[in-house]
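Under my numbering, residue 479 is the last one in the sequence shown; the count climbs by one each step, no gaps.
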Amino acid sequence: MFTANTDFAETEVDTRQINLTRFPLFFPEKRSFFLEGANQYVFGLNLGDQFIPFFSRNVGLLDGAQIPIDVGVKLNGRVGKWNLALLDVQTRDTTVPGQVVQDLALPSAVVSGTNLFAGRISYDFNQKLRVGAILTHGDPEALRSNTLAGIDAVWRTSKFLADKNLQFGAWTATTQGDVGPGSKVGWGLTADYPNDLLDCAASVNSYGDALEPLLGFLPRLGTRRTHAFCSYQPRPSKTGPFRWIRQEFFENEYLRYTNPQGVLESWEYFMAPINVRFESGDRFEFNWDPHGEILLAPFDIAPGVVIPPGSYQFTRYRLEAQTSGHRPLQFGTTTWFGTFFGGHLTQWENYIKWTSPKGRLQLEADAENDFGHLPQGNFVQRLWQLQGAYAWTPNLVLSNFVQYDTESQNIGTNTRLRWTIKPGNDLFVVWNRGWQRLILSSHDTSIVPQSDIVAMKIRWTFRP
């Protein structure tokens with residue numbers, strides 16, 4: 016597959032998130048060019064977003080700002096027992112917004128064009144064992160030389176104890192080039208028993224303090240992560256007194272982070288004494304979630320609220336209820352409450368979604384409101400979202416997405432018309448608008464236009 020002068024204007028905008036942690040948030044890839052064949056780059060077993068050796072959002076994007084791509088080529092395929100994926104992209108010189116320069120501490124607003132490469136190969140020895148390798152090279156900021164190389168192996172069976180699933184995974188990786196001092200190596204081991212009645216897993220993953228995958232995603236380098244999870248999931252008898260319950264989930268999870276010297280950085284124990292899925296598809300859950308955090312540096316959790324270094328222990332609780340996804344009118348609510356870094360934090364997340372009887376119109380509203388009361392000060396974070404979509408036919412869909420959050424004080428709208436001429440051939444018309452809310456005084460605000468972009472794009476697939 017080949018691409019040239021690519022801007023990805025047709026891509027859906029990111030769903031905003033509130034970050035009350037010390038670490039970067041994970042935003043999934045949405046660009047179709049990178050989504051096709053993305054499963055080929057999956058590395059290790061159950062690493063999730065704790066470590067992604069190649070994260071395609073680092074190509075053509077820098078802290079959310081678009082980096083133009085001059086040319087790009089990728090190859091995905093399978094030959095016999097071999098699986099192969101290659102990606103090579105050449106970006107173009109571009110000037111990024113001042114906020115990106117500030118966030119990334121760039122020496123200049125001009126980011127030079129650079130070449131970015133990722134390759135993945137794996138071999139299926141049989142139906143149970145796959146062994147692979149991954150290689151990336153390049154720096155999205157075009158400032159450093161950086162190469163990552165890794166190998167992994169995954170063994171799985173569905174016939175353990177006759178009919179049970181069992182999986183094991185192992186990996187190791189290293190980075191070379193202009194990286195910091197310390198260990199450049201990471202490694203991990205995972206055992207997983209994912210079954211209907213009993214779902215258990217255990218893993219240990221170590222990330223060197225100089226393991227810097229500039230084309231990957233690693234939010235907590237220089238740590239060792241120990242994780243254990245087990246969930247007992249019975250299904251009551253269909254003729255018994257609890258036949259209205261489809262399945263229960265009694266979950267226990269422990270997570271621990273230490274630094275390279277073995278000193279504790281943080282821990283968390285999560286328990287779900289009540290987690291019920293009803294036959295109707297509705298669900299209800301209650302959780303107990305104690306934490307321990309050791310801060311070695313001040314933590315700026317909100318503007319004007321800085322948590323000082325120290326050792327903290329606090330307990331969070333969660334209540335969650337959701338209706339079935341099969342209902343025309345769906346709603347759900349999640350409330351986190353309890354202590355938090357020497358104070359208290361309450362988080363309310365609610366949504367409501369409606370689908371018309373014929374399924375042509377969908378409307379959804381989501382809201383998150385967080386209220387923190389800490390010794391260092393109070394804060395309020397809000398995120399509001401409205402989504403709507405109307406389908407004249409399955410091939411002609413108009414969608415709109417409106418978002419506002421109090422951290423950026425930005426209101427953004429994304430209006431998108433998609434006409435699928437035939438599978439693989441699409442016409443897009445996209446209108447993105449942004450407004451900035453200016454707080455002039457405690458009683459006076461103003462909303463001013465910030466951006467206004469209209470784009471039309473045709474995506475055409477040529478098949479031999």
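The C-beta atom is built at its ideal place from N, Cα and C for all residues, glycine as well.
- If you look at residue 418, you'll find it in the beta strand (DSSP E) that goes 411-420.
- Going by DSSP, residue 262 is part of the beta strand (DSSP E) stretching over 260-263.
- Rounded to the nearest angstrom, the gap between the Cα atoms of residue 82 and residue 74 is 8 Å.
- Note on geometry: alpha-carbon atoms of residue 100 and residue 303 lie some 42 Å from one another.
- In this structure, 111 is the residue among 270, 377 and 111 with its C-alpha nearest to the C-alpha of residue 78.
- Cα atoms of residue 246 and residue 374: separation of roughly 36 Å, rounded to the nearest angstrom.
- For residue 40, the three-state secondary structure derived from DSSP is coil.
- In this chain, the alpha helix (DSSP H) harbouring residue 113 covers 113-119.
- Counting the other Cβ atoms within 10 Å of the Cβ of residue 167 gives 16 or more, which makes it buried.
- For residue 394, the CB contacts under 6 Å within the same chain, skipping 5 residues up- and downstream, are 317, 320 and 387 in chain order.
- In this structure, the straight-line span from the alpha carbon of residue 285 to that of residue 330 is close to 10 Å.
- Residue 261 sits close to residue 294, with the two beta carbons spaced by under 7 Å.
- Residue 360 is classed as buried because its beta carbon has at least 16 other beta carbons within 10 Å across all chains shown.
- DSSP places residue 47 inside the alpha helix (DSSP H), whose first and last residues are 47-50.
- Beta bridge pairing from DSSP links residue 475 with no other residue.
- Fully contained in the segment 294-381 are the following beta strand (DSSP E) runs of length 3 or more, in chain order: 298-310, 314-317, 320-322, 325-337, 344-355 and 358-370.
- DSSP places residue 453 in the uninterrupted beta strand (DSSP E) bounded by 440-456.
- If you keep only unbroken beta strand (DSSP E) runs of at least 3 residues inside the segment 202-232, you get 213-222.
- Looking at the backbone, the Cα of residue 230 and that of residue 411 are separated by about 36 Å.
- When secondary structure is reduced to three states using DSSP, residue 71 falls in the helix class.
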